Amino acid sequence: MTLSAPLDTIPILLRGGAIIPTQQFANNTKNS
């Protein structure tokens, strides 16, 4: 597999249906 990307970009390859966490870290679900 060959992937072209600019040198200042990190390509992220994900399988379909993957979960991408986007919340800030918290110690429990009440604080998140």
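In terms of UniProt numbering, the numbers along the sequence shown are unbroken and rise by one, the last being 32. By construction, the Cβ of each residue, glycine as well, lies at the ideal position given by its N, Cα and C atoms. All values derive from a computational prediction rather than experimental measurement.
Going along the chain, which residues of its own chain have a beta-carbon closer than 8 Å to the beta-carbon of residue i, five neighbours each way excluded?
i	result
Ile20	Leu14
Gly16	none
Roughly how many angstroms separate the alpha carbons of residue i and residue j, rounded to a whole number?
i	j	result
Met1	Gln24	33 Å
residue 35	Ala18	Nothing can be reported for residue 35, as the shown portion of the chain is limited to 1 through 32.
Lys30	Pro11	33 Å
Thr22	Leu3	25 Å
Kindly list the residues whose CB is nearer than 6 Å to the CB of residue i, restricted to its own chain and excluding five residues on each side of it in sequence; keep chain order.
i	result
Pro6	none
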